[in-house]
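Numbering (my numbering), first residue to last: 207 to 703.
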């Protein structure tokens with residue numbers, strides 16, 4: 207079939223595309239920032255359309271000529287407005303698909319039952335399904351609980367909680383039952399529904415073979431990871447807000463993303479309707495095996511997508527599924543490539559260093575920035591900046607990076623995101639930490655005699671008085687950090703050469 211995948215830069219969408227291609231379908235990917243797909247191994251096999259779920263004309267053009275639309279877009283944050291945004295986006299997609307003559311919509315939502323006092327997040331997931339189905343196009347809605355896979359939000363939250371904390375003080379939600387499912391099973395169901403006409407117009411609940419409490423999930427993870435059994439102390443007064451703040455401190459997930467997740471953990475999410483077993487019989491992966499598979503992928507550096515693959519505050523995540531909404535700067539934002547910087551005030555710290563190495567070697571060294579390899583200078587200052595960011599509700603350094611050496615546009619590097627990548631001349635990172643303004647870290651490499659010239663620029667567009675005071679307060683630290691960082695990248699390139 208001719209298939210459109212929305213959310214193709216996200217966790218599930220980025221993994222679904224190659225499975226659809228293997229099944230013989232023609233795939234078109236919709237993305238707000240098509241450049242994010244440039245380095246995907248399957249890029250040459252798909253068509254890419256620039257589209258925004260809040261821009262009806264672009265959606266209509268993306269839907270033109272396709273048979274099936276996969277709706278894998280989900281904005282989620284601590285603000286209640288994400289529910290109205292999601293409903294609006296779903297209505298736009300429904301109407302655009304109808305105008306384009308689409309025959310079917312496939313949507314990945316969340317388990318949970320309306321009679322159980324659903325959290326705002328899960329209620330929004332169900333509402334999106336109803337909005338999509340409120341039209342003439344048959345909708346297949348798959349509902350899943352916690353999705354387990356290398357890099358998924360749910361798995362990373364579980365992994366970091368268990369690995370960082372030998373003892374945990376937890377609220378009563380640790381006794382809530384859930385039915386996790388391996389990401390490979392979710393992908394198989396998403397593909398297989400196209401071959402079974404009876405799945406059209408249905409809500410299908412999917413899950414793995416194990417129903418466990420969250421406390422049991424933690425104990426099993428510890429066993430599989432070779433850790434000592436974790437001590438879990440339950441207390442009745444730990445609120446979702448306090449829980450999300452704590453999770454924001456010890457896991458890669460920012461507090462704004464952790465809060466809706468925590469709220470949803472109070473809802474029992476288990477399969478009650480086994481219709482999918484009759485229509486799409488399939489032996490799903492047990493929880494223990496899913497954890498082993500995810501850990502092996504991480505160890506082998508074979509993580510295709512992560513929960514942070516989608517950008518900005520409207521990130522994809524949930525105890526249901528990891529979807530995405532690309533988030534990019536609005537047109538009025540100053541961009542590093544704008545010579546006038548849109549008329550705004552810009553502070554900059556620029557360093558240049560010569561390296562007796564080729565531009566490719568220097569660029570390779572620069573592209574290994576962050577993650578476990580760090581920033582090559584005054585490590586404790588970077589760690590302190592990450593900790594402060596976490597304390598104020600930011601992302602911090604725990605997100606790391608998907609691969610220690612490979613980068614692509616849109617990928618995460620700690621509290622940065624790759625905004626531009628032109629090998630072997632330009633790498634630009636845009637800051638996603640909490641700052642009173644907009645910040646970038648840019649590296650340019652050019653030939654210089656028999657070697658290379660590395661130009662390193664930190665740029666900051668302040669917001670009001672606080673932005674200016676923030677930059678002035680950091681100037682002394684820049685003098686400690688940035689000169690050494692540039693020199694270390696050059697020295698590393700020379701060693702590699």
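Even for Gly, the Cβ is constructed at its ideal location relative to N, Cα and C.
Quick caveat: nothing in here was measured; it's all calculated off a predicted structure.
Practice problem: Could you tell me how far apart the beta carbons of residue 648 and residue 634 are, in whole angstroms, since I believe they sit closer than 8 Å? | Solution: Within the chain shown, residue 648 is the residue found at index 442, counting from 1. Within the chain shown, residue 634 is the residue found at index 428, counting from 1. Yes, they are in contact, since the Cβ atoms of residue 648 and residue 634 sit about 4 Å apart, within 8 Å.
Quiz item: In three-state terms, what does DSSP make of residue 314?
Solution: Position 108 of the chain shown holds residue 314. Of the three classes helix, strand and coil, the one that applies to residue 314 here is strand, per DSSP.
Practice problem: Consult DSSP for residue 210 and reduce its assignment to one of helix, strand or coil. | Solution: The sequence position of residue 210 within the chain shown is 4, counting from 1. In the structure shown, residue 210 sits in a strand (DSSP, three-state: E or B).
Practice problem: Would you decide whether residue 505 is buried or exposed? Buried here means 16 or more other CB atoms lie within 10 Å of its CB. | Solution: On the chain shown, residue 505 is found 299 positions in, with the first residue counted as 1. Label assigned to residue 505: exposed.
Self-check item: Cβ shell of residue 688 (< 7 Å), same chain only, five flanking positions each side left out
Solution: Stepping through the chain shown from its first residue, residue 688 is reached at position 482. Around residue 688: 555, 557, 662 and 664.
Quiz item: So, is residue 593 buried or exposed, given that buried needs 16 or more other C-beta atoms within 10 angstroms?
Solution: If you number the chain shown from 1, residue 593 lands on position 387. Per the 10 Å Cβ criterion, exposed.
Quiz item: To the nearest angstrom, how far is it from the Cα of residue 238 to the Cα of residue 258?
Solution: To locate residue 238, count along the chain shown from 1; it is residue 32. To locate residue 258, count along the chain shown from 1; it is residue 52. Approximately 5 Å, taken between the alpha carbons.
Quiz item: Near residue 539, which residues of its chain fall below 7 Å by C-beta distance, leaving aside the five closest residues on each side in sequence?
Solution: Residue 539 sits at position 333 when you count from the first residue of the chain shown. With a pLDDT of only 39 at residue 539, under the threshold of 50, the placement of this residue in the model should not be trusted, and no figure is reported.
Quiz item: Per DSSP, what kind of secondary structure is residue 514 in: helix, strand or coil?
Solution: Taking the first residue of the chain shown as position 1, residue 514 is located at position 308. If DSSP states are grouped into helix, strand and coil, residue 514 belongs with coil.
Quiz item: Helix or strand or just coil, what does DSSP make of residue 579?
Solution: For this step, residue 579 is matched to residue 373 along the chain shown. Correct three-state label for residue 579: helix.
Self-check item: Pick from 236, 389, 351 and 300 that is closest to residue 342, judged by C-alpha positions
Solution: As a working mapping, residue 342 is identified with position 136 in the chain shown. Nearest of 236, 389, 351 and 300 to residue 342, Cα basis: 300.
Quiz prompt | residue 568 versus 421, 681, 700 and 249, residue with shortest Cα-Cα distance | solution = Taking the first residue of the chain shown as position 1, residue 568 is located at position 362. For residue 568, the closest C-alpha among the options 421, 681, 700 and 249 is that of 700.
Quiz item: Near residue 477, what residues of its chain come up, given a Cβ to Cβ distance below 6 Å and the 5 sequence neighbours on each side ignored?
Solution: Translated into positions along the chain shown, residue 477 becomes position 271. Contacts found: 385, 411 and 413.
Quiz item: Can you give the Cα-Cα distance for residue 465 and residue 628, rounded to whole angstroms?
Solution: In the chain shown, counting from the first residue as 1, residue 465 sits at position 259. In the chain shown, counting from the first residue as 1, residue 628 sits at position 422. Cα to Cα, the separation comes out at about 37 Å.
Exercise. Compute the Euclidean distance between the alpha carbons of residue 408 and residue 347, then round it to the nearest angstrom.
Key: Here the question's residue 408 lines up with position 202 in the chain shown. Here the question's residue 347 lines up with position 141 in the chain shown. Near 6 Å, if we compare the C-alpha coordinates of residue 347 and residue 408.
Quiz prompt | Coil, strand or helix - residue 536 by DSSP | solution = Counted from its first residue, the chain shown places residue 536 at position 330. The pLDDT assigned to residue 536 is 32, lower than 50, so where the model puts this residue is not dependable; a value taken from the coordinates is nonetheless given after this. Residue 536 falls in the coil class under three-state DSSP.
Quiz item: Which value, in whole angstroms, describes the spacing of the CA atoms of residue 296 and residue 236?
Solution: Within the chain shown, residue 296 is the residue found at index 90, counting from 1. Within the chain shown, residue 236 is the residue found at index 30, counting from 1. If I take the Cα positions, the gap works out to 14 Å.
Self-check item: Spatial neighbours of residue 676 in its chain, beta-carbon cut-off 6 Å, leaving aside the 5 residues before and after
Solution: As a position in the chain shown, residue 676 is number 470, starting the count at 1. For residue 676, the CB contacts under 6 Å within the same chain, skipping 5 residues up- and downstream, are 642 in chain order.
Exercise. Can you give me the start and stop residues for the alpha helix (DSSP H) that residue 263 sits inside?
Key: If you number the chain shown from 1, residue 263 lands on position 57. Judged by DSSP secondary structure, residue 263 falls within the alpha helix (DSSP H) whose first and last residues are 262–269.
Practice problem: Note down, one range per segment and in chain order, each alpha helix (DSSP H) of at least 4 residues found wholly within the segment 326–396. | Solution: 326–339 and 359–370
Self-check item: residue 248 (DSSP reduced to helix, strand or coil)
Solution: Here residue 248 refers to the residue found at position 42 when the chain shown is read from its first residue. Reduced to three states, the DSSP call for residue 248 is coil.
Practice problem: Would you mind stating whether residue 685 and residue 620 have Cβ atoms separated by less than 7 Å? | Solution: Position 479 of the chain shown holds residue 685. Position 414 of the chain shown holds residue 620. Result no, Cβ atoms of residue 685 and residue 620 do not sit closer than 7 Å.
Quiz item: Would DSSP call residue 232 helix, strand or coil?
Solution: Along the chain shown, read from residue 1 onward, the residue named residue 232 stands at position 26. In this structure, residue 232 counts as strand in the three-state DSSP scheme.
Practice problem: Grab me the residues of residue 251's own chain with a C-beta within less than 7 Å of its C-beta, minus the 5 sequence neighbours each way, in chain order. | Solution: Indexing the chain shown from 1 puts residue 251 at position 45. Counting only Cβ-Cβ distances below 7 Å, and skipping sequence neighbours, we find 227.
Quiz item: Between the C-alpha atoms of residue 339 and residue 345, what's the straight-line distance to the nearest angstrom?
Solution: Mapped onto the chain shown, residue 339 falls at position 133. Mapped onto the chain shown, residue 345 falls at position 139. Here the alpha carbons of residue 345 and residue 339 stand approximately 6 Å from one another.
Exercise. Ignore the nearest five residues each way along the sequence and tell me which others in residue 208's own chain have a CB closer than 8 Å to its CB.
Key: Within the chain shown, the letter at position 2 stands for residue 208. Only 231, 232, 234, 271, 272, 273 and 274 meet the Cβ criterion.
Quiz item: Assuming residue 397 and residue 225 make a contact with CB atoms under 8 Å, what is their CB distance in whole Å?
Solution: Locating residue 397 in the chain shown gives position 191, counting from the first residue. Locating residue 225 in the chain shown gives position 19, counting from the first residue. With a Cβ gap of about 5 Å, residue 397 and residue 225 count as contacting.
Quiz item: How should residue 381 be labelled, buried or exposed, when 16 other C-beta atoms within 10 angstroms of its C-beta is the threshold for buried?
Solution: Start at 1 with the first residue of the chain shown, and residue 381 comes out as number 175. Residue 381 comes out exposed.
Quiz item: What first and last residue would you give for the beta strand (DSSP E) that runs through residue 744?
Solution: Given that the chain is displayed from residue 207 to residue 703, the structure contains no residue 744 and the question cannot be resolved.
Self-check item: Pick from 294, 489, 313 and 229 that is closest to residue 401, judged by C-alpha positions
Solution: Residue 401 sits at position 195 when you count from the first residue of the chain shown. Residue 401 has its Cα closest to that of 229, out of 294, 489, 313 and 229.
Self-check item: Closest by C-alpha distance to residue 357, when choosing among 496, 461 and 383
Solution: Reading the chain shown from its first residue, position 151 is the one you call residue 357. Per the C-alpha coordinates, the member of 496, 461 and 383 positioned closest to residue 357 is 496.
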